[in-house]
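Working notes for the structure below.
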Amino acid sequence: MAAVTAASLVTPVFATSAAAAGTLSCQTAAPIFVRHADSGLELRAHQEPENGNPVWNANRGIGFAWDGQMRTGPGGRTYEFTPEGDVNKFVWNGTSWENGGTGDRIATGWHGWGDASAKTRLTIDARGDFYGFPSDNALHWWRYDEGTRTWAERIIDTGWGTKYDMIFADGAGGLFARSTDGKLFRYQYDADSQRWLEYERQVGGSGWGQFSDVASVGGGVFYALKADTGQLRWYRYLGDGAWATDAGKFISDGWSSAWQIEGAPDACQILGGSPTPPATPTLTPNFTAPLAAYQGDDNLVNYFLVNEGKLLHGRQRHTGDILLVDHTPITGHEQFTGEVGFGVYGDGKLEIQANSTADAGIRGRTQTTKNLNQWSAAFTGHAGRFVSSPVIVKDKDNLLVSFGVDASGGLWYSRQLVLWGAPAKSTFGAWRSLGGSGLTADFSALRNGNAIEIVGRYADGSVRASKFDGTTLAAARSTGVTDVVGKPAAVVHTDGTVQVVVRRTDNRIHTQREGTSGFPGAWQQVGSLVAAGAPAAVLAGTGSLELSVRDTNGFVNTTGQSTPSLPFRAWEIRDTHEAGTDTTMIRTNAGDVLLTWRDPIGEIYTYLGSFGATPSARSAVGDSGVSYTGGRTRR
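Residue numbers for the sequence shown, in mature numbering (1 follows the signal peptide of the UniProt record, and there is no 0): -20 to -1, 1 to 615.
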């Protein structure tokens, strides 16, 4: 363990004289802790971090035998990462070490972080959170709770160890990362919402590879040690890609590339600056959202729903009776709301997620045995601070992607991570913004070839569709109306065109299918039924489009068309018991249609729409070839 004693210019991408948003405020002097090659520890303090004038306090030796690697945190915290994998915490109070200089061992098993190769791969921000990329090349976030003496850990991104060779923090959640070809990038992570507020913004051109180490003191101020000359240079980043005009100026010499330098991350801060942490929206409990339904490869139907804040799993008992359903609570949290999102991993196991009125945070659970009611031990918190329920869909790489909408109507996504070359269950990256505004919580996501279609209702009553290619969202395709009520339904045809089904302010159901050049803007009214809920739609294995919706009496009605050239058949009441939720429709493994909803007391109703195998068989069951059977499920 460490012992302590008492008391050529790189050009940023943009340089500007504009003042940063907010006001830079710094301590009297910015401390820089220096670990020498002989393991001695020295304190140097720069008196004018605001402007980079070369005014320094006298150097002061404050320790020896600092083997391994050293890191600094807020409040004078200084950490020793030993070659044996221990993490020891010391606290410098400005004049001396607390606790007589005796360290507090706060972790063991951190192997590799005390090695020289880890010198620039770990950093601590002004909040005290740790960020680093170990041998899995992923970016990890850690937080140590000093009260409970426990650690929390997340993996928030991947690929950092292959594209970056240096990381240093700036304020709370601000990260600079240097690429292996010497460019500098800026990130901003909000640990509470688990969002990337800024992602991979290039702020420095080539040439940053000449620095052996960087000491950041917060507020955009940091010091870079030039490896070949031993010069220390001062930088001030102003935000939004801008730098102080004299960023990069020389302020000291006689330093060594063999030294490790660490700045106090809270010595400077921006008062009144941006970005501000996302606010937590207040969610009204919604226990009448549509069911989520899924048929496993064992041909048994699974239902997921929120009942009085609890997450419930309904599972068909055997294939001989679609109405016999077992109900099991998934315990661990009792403030869920809205719809349950689910996705199917590559091995057939399920991921389920739902939002919470406690903190507008998404929580997820992973199935541990395929087709059984067996789940991971606890919910995984994915945060988000969203107004919507999560929507999960599998992408072209067979990875799950979860989507959510924030309070301003912006769309966010979180993607299942790949670690050590394999998809990792229950592990999703931090939320990334797809931009936009005005999108409501009434949206869906559907696979369309290699892309994912986002179809949603906006605050102006319009319905738009956008393609997500895995990183960006294409320009929205308008359907030409601004009077849509509730959530639109959508299907993707085999030719890749999207068809939307909506309830408009006339309370009739309307549909429109896009052509080769987008949506034509011409809507077809589907019969004269007066609807009271949002429609559901599904394409059966035959290609037939089936629709369902609640009417003003609360009864569920269905209709459909066998081909786009034929009219919809007349709406028909499926059940004379009042529905308490909107409907859900899915295509079964056999290509039939499953229709389900809940009544006002929470009982599940299920109908199976079966199609004849031959044209003659279809004619016996109706023009569209579908015959519905079912009713209220039993337990």
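Note that the Cβ used here is the ideal one computed from N, Cα and C, for glycine as well.
CB-CB length for G560 against D579, believed under 8 Å: Yes, they are in contact, since the Cβ atoms of G560 and D579 sit about 5 Å apart, within 8 Å.
What residue does the alpha helix (DSSP H) around K99 start on, and which one ends it? Taken as a continuous stretch (DSSP letters only), K99 belongs to no alpha helix (DSSP H), as it is neither H nor E.
Which of the three DSSP states is assigned to N287 in this structure? strand
Is the beta carbon of G418 sitting closer than 7 Å to the one on Y393? no
On a CA-only basis, which of I302, V14, G501 and T485 is nearest V478? Give me that one, please. Each of I302, V14, G501 and T485 was checked against the Cα of V478, and the nearest Cα belongs to G501.
N-terminal and C-terminal residue of the alpha helix (DSSP H) that K405 is part of: That residue, K405, is in no alpha helix (DSSP H); its beta strand (DSSP E) goes A402 to F408.
Indicate whether G153 and Y169 have their beta-carbon atoms separated by less than 7 Å. Yes, they are a contact pair.
Taking DSSP's pairing of strands, which residues face Y274 in a bridge? N282
If you draw a straight line from the alpha carbon of K467 to that of T407, how long is it in whole angstroms? Cα-Cα distance, rounded: 29 Å.
Give the list of continuous beta strand (DSSP E) stretches no shorter than 3 residues that lie fully inside the segment 367 to 431. Runs of the beta strand (DSSP E) inside the segment 367 to 431: 371 to 374, 380 to 385, 391 to 399, 402 to 408, 411 to 413 and 419 to 428.
Would you check if the segment 285 to 305 and the segment 251 to 259 touch, i.e. whether three or more CB-CB distances between them fall below 8 Å? no
Of the choices D208, S159 and G151, whose alpha-carbon is the least far from that of Y243? In the sequence on display, residue 243 carries Gly and not Tyr. It is G151.
Option nearest V443 by Cα separation, candidates V381, G83, G127 and S424: S424
For the beta strand (DSSP E) containing T539, name the first residue and the last one. V536 to Q541
Have a look at F13 and N79 and give me their C-alpha separation to the nearest angstrom. 19 Å
Does the Cβ of W551 have 16 or more other Cβ atoms within 10 Å, making it buried, or fewer, making it exposed? buried
Alpha-carbon spacing of S607 relative to T538, whole angstroms: Linking S607 to T538 through their CA atoms gives a straight-line distance of about 11 Å.
Going straight from the alpha carbon of E288 to that of H313, what length do you get? 11 Å
Burial state of G589 (16 or more Cβ within 10 Å): buried
Confirm, please, whether the CB-CB distance from V510 to I489 is below 7 Å. Judged by their CB atoms, I489 and V510 are not nearer to each other than the 7 Å cut-off.
Determine the direct distance from the alpha carbon of Q333 to that of P370, and round the result to whole angstroms. 7 Å
Which residues bound the beta strand (DSSP E) around T586? Per DSSP, T586 belongs to the beta strand (DSSP E) from I584 to F591.
Can you give me the Cβ contacts of G199 inside the same chain, cut-off strictly under 6 Å, excluding the 5 residues immediately before and after it? L4, C248, Q249 and I250
In whole angstroms, what separates the C-alpha of T8 from that of A402? 50 Å
Just the C-alpha distance for S388 and V367, rounded to the nearest angstrom, thanks. 9 Å
If you drop the 5 nearest sequence neighbours on each side, which residues of the same chain put their C-beta closer than 6 Å to that of G498? Around G498: R457.
Bounding residues of the beta strand (DSSP E) (the contiguous stretch that carries W140): From DSSP, W140 is part of no beta strand (DSSP E) but of the alpha helix (DSSP H) over W140 to K143.
Contact defined as beta carbons within less than 8 Å: I believe P544 pairs with R493. What is the distance between those atoms, to the nearest angstrom? 7 Å
Rounded distance between the beta-carbons of D246 and A149, thought under 8 Å: With 8 Å as the limit, A149 and D246 do not qualify as a contact, their Cβ atoms being about 10 Å apart.
Touching by the beta-carbon criterion (3+ pairs, under 8 Å), the segment 272 to 292 and the segment 217 to 229: no
Decide if E60 is buried, meaning its Cβ has at least 16 other Cβ atoms within 10 Å, or exposed. Looking at its Cβ environment, which holds 16 or more other Cβ atoms inside 10 Å, E60 is buried.
Between I241, T209, G92 and S186, which has its C-alpha nearest T58's C-alpha? I241
Counted within 10 angstroms of its Cβ, other Cβ atoms place Q182 as buried (16 or more) or exposed: exposed
Report the partner residues of W46 according to the DSSP bridge assignment. When DSSP reads this structure, W46 sits in no beta bridge, so it has no partner.
Residue from K143, V471 and V482 with nearest C-alpha to D463: A check of alpha carbon separations from D463 across K143, V471 and V482 identifies V482 as the nearest.
Any idea what DSSP makes of E180, helix, strand or coil? If DSSP states are grouped into helix, strand and coil, E180 belongs with the strands.
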